[in-house]
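These protein sequences, in sequence, are chains A and B. Read in order, the letters of the first sequence correspond to residues 9 to 105 in this note's numbering. Read in order, the letters of the second sequence correspond to residues 9 to 105 in this note's numbering. Ideal Cβ placement from N, Cα and C applies to all residues, glycine included. Here is the structure we will look at.
Protein chains: 2
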Amino acid sequence: MEDQSTQKPDGNIIYVGSKNVMSYVLAIVTKFNQGSTEIQVKARGAAISRAVDATQIAKHRFINTLEITGFKVTTEELQSEDGSNSRVSSVTLTLKK
Amino acid sequence: MEDQSTQKPDGNIIYVGSKNVMSYVLAIVTKFNQGSTEIQVKARGAAISRAVDATQIAKHRFINTLEITGFKVTTEELQSEDGSNSRVSSVTLTLKK
Numbered sequence: 009m010e011d012q013s014t015q016k017p018d019g020n021i022i023y024v025g026s027k028n029v030m031s032y033v034l035a036i037v038t039k040f041n042q043g044s045t046e047i048q049v050k051a052r053g054a055a056i057s058r059a060v061d062a063t064q065i066a067k068h069r070f071i072n073t074l075e076i077t078g079f080k081v082t083t084e085e086l087q088s089e090d091g092s093n094s095r096v097s098s099v100t101l102t103l104k105k
Numbered sequence: 009m010e011d012q013s014t015q016k017p018d019g020n021i022i023y024v025g026s027k028n029v030m031s032y033v034l035a036i037v038t039k040f041n042q043g044s045t046e047i048q049v050k051a052r053g054a055a056i057s058r059a060v061d062a063t064q065i066a067k068h069r070f071i072n073t074l075e076i077t078g079f080k081v082t083t084e085e086l087q088s089e090d091g092s093n094s095r096v097s098s099v100t101l102t103l104k105k
């Protein structure tokens, strides 16, 4: 069973959250080693920087041919407990090796 | 005289650092209002998330037609005082309205 918090079994999507950056580097490298040719890395808010770092570490240390082929930004609305809305930026990076 | 810490007089480049995100939103909107058709927003490390936020706030509140047309990631090596190198991710977003 894979770690559900970083990888979904149904797709090549890695969700980057608040864990150590190396967790996500490992997730990226593992996905490619399992035969994936394209991976999507998603993050929102402060985790966006970590997602970018993870792709760069994966490229420089493990998969030199890795490229970011796509970049999409959206804004998600979150509702807080008092009913007010706050917006958070969400980024999807598409990686190919 | 423009604020040199966020804008360079010689180009349409906005450097995102540790100021409040609205400082950079204002810088983006001002550049476009001054007639720029294309702006580059640069950030590294933890400021990458702030740069993405600034583009989204500028789009949703001020310039609805704003699009991110380019996205480039590089890794910069910084030398620390003890002579060791650390790497930091750097992102350049290209905006058009």
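Residues near residue i in its chain [Cβ-Cβ closer than 8 Å; skip 5 each side]
i	result
isoleucine 65 of chain A	Val29, Met30 and Val33
isoleucine 76 of chain A	Thr63, Leu101, Thr102 and Leu103
threonine 45 of chain B	Lys104 and Lys105
alanine 61 of chain A	Residue identity differs from the one stated: residue 61 of chain A is aspartate in this sequence, not alanine. So the qualifying residues of the chain are Val29.
glycine 19 of chain B	Gln48
glutamate 89 of chain A	none
Residue j beta carbon less than 8 Å from that of residue i
i	j	result
threonine 83 of chain B	serine 92 of chain B	no
isoleucine 36 of chain A	threonine 63 of chain A	yes
alanine 59 of chain B	leucine 103 of chain B	no
valine 81 of chain A	alanine 51 of chain A	no
Rounded distance between the beta-carbons of residue j and residue i, thought under 8 Å
i	j	result
alanine 54 of chain A	serine 94 of chain B	The pair is not a contact, with the Cβ atoms about 20 Å apart (cut-off 8 Å).
phenylalanine 79 of chain B	phenylalanine 79 of chain A	4 Å
leucine 74 of chain B	lysine 105 of chain B	5 Å
Own chain, CB closer than 6 Å to residue i, minus 5 neighbours either side, in chain order
i	result
phenylalanine 5 of chain B	Any question about residue 5 of chain B goes unanswered here, given that chain B covers just 9 to 105.
glycine 25 of chain B	Ala55
lysine 67 of chain B	Leu74
glutamate 168 of chain B	Here chain B has residues from 9 to 105 only, and residue 168 of chain B is not among them.
Cutoff 7 Å; reference residue i; Cβ partners in own chain excluding five residues on either side
i	result
glutamine 87 of chain A	Asn93
glycine 43 of chain B	none
Contact with chain C by residue i, beta-carbon distance below 8 Å
i	result
valine 60 of chain A	Annotation note: the requested chain C is absent from the structure, which comprises protein chains A and B.
Please go through the region 75-104 of chain B and give each complete beta strand (DSSP E) segment of 3 or more residues, from N-terminal end onward. 75-87 and 93-104
List, from N- to C-terminal side, the beta strand (DSSP E) runs of 3 residues or more that fit wholly inside the region 16-66 of chain A. 21-24 and 46-52
Using a Cβ-Cβ cut-off of less than 8 Å, give me the residues of the region 39-54 of chain B that come near chain A, in sequence order. Those residues of the region 39-54 of chain B placed with their C-beta closer than 8 Å to a C-beta in chain A are Gly53 and Ala54, ordered along the chain.
Interfacial residues, the region 69-87 of chain B to chain A, with Cβ spacing under 7 Å: Ile76, Phe79, Val81 and Thr83
Contacting positions in the region 25-39 of chain B - beta carbon closer than 9 Å to chain A: none
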